[in-house]
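Just so we're aligned: the sequence shown equals residues -8 to 106 in the working numbering.
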Amino acid sequence: VQLQASGGGLVQPGGSLRLSCAASGDIFLFKAMGWYRQAPGKQRELVAAITRRGSLTYADSVKVRFTISRDSAKNTAYLQMNSLKPEDTAVYYCNALFVSGNNYWGQGTLVTISS
């Protein structure tokens, strides 16, 4: 399984970005896909996750502003990020968790919110 994350960049506060995570390989038995982020000097934290059945989880800090979704046909998960704040600056990683317990990570994409 390989995860390819993309969509990061530099955006002004209040702006928007959409991250994509394209999955390839044997992903039939995935359990959930999610986005994590890690800011400098901080631990990696869960931002949002979507289960195979479509259940959603969000960190309190991004609720209302971020939306996670999945396109099954494209094996791709998305993270739409609106009303971005400087504190959203981090490297964002996509993750896929499988029924087997195997856990895969994408390479990370940098999101910088600055004026």
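Glycine residues also receive a C-beta, built at the ideal position from the N, C-alpha and C atoms. Note that this is a predicted model, so its numbers are computed, not measured.
{"Check": "To the nearest angstrom, how far is the alpha carbon of Ala50 from that of Leu37?", "Outcome": "7 Å"}
{"Check": "Does DSSP put Ala64 in a helix, in a strand, or in coil?", "Outcome": "helix"}
{"Check": "Would you check if the distance between the CB atom of Pro31 and the CB atom of Ile104 is smaller than 7 Å?", "Outcome": "no"}
{"Check": "Using the Cβ count rule (16 or more neighbours within 10 Å means buried), how would you classify Phe9?", "Outcome": "For the sequence presented, residue 9 should be read as Arg rather than Phe. Exposed, because fewer than 16 other Cβ atoms sit within 10 Å of the Cβ of Arg9."}
{"Check": "Does the contact criterion of 3 or more C-beta pairs under 8 Å hold for the stretch 39 to 53 versus the stretch 95 to 102?", "Outcome": "no"}
{"Check": "Could you check if Asp62 is buried or exposed, using at least 16 other CB atoms within 10 Å of its CB as the buried criterion?", "Outcome": "exposed"}
{"Check": "With a 10 Å radius around its C-beta and 16 neighbouring C-beta atoms as the bar for buried, classify Asp17 as buried or exposed.", "Outcome": "exposed"}
{"Check": "Taking just the CA atoms, how far does Ser106 sit from Leu20?", "Outcome": "42 Å"}
{"Check": "Ignoring anything shorter than 3 residues or poking outside the stretch 14 to 49, list the beta strand (DSSP E) runs there in chain order.", "Outcome": "21 to 29, 36 to 42 and 47 to 49"}
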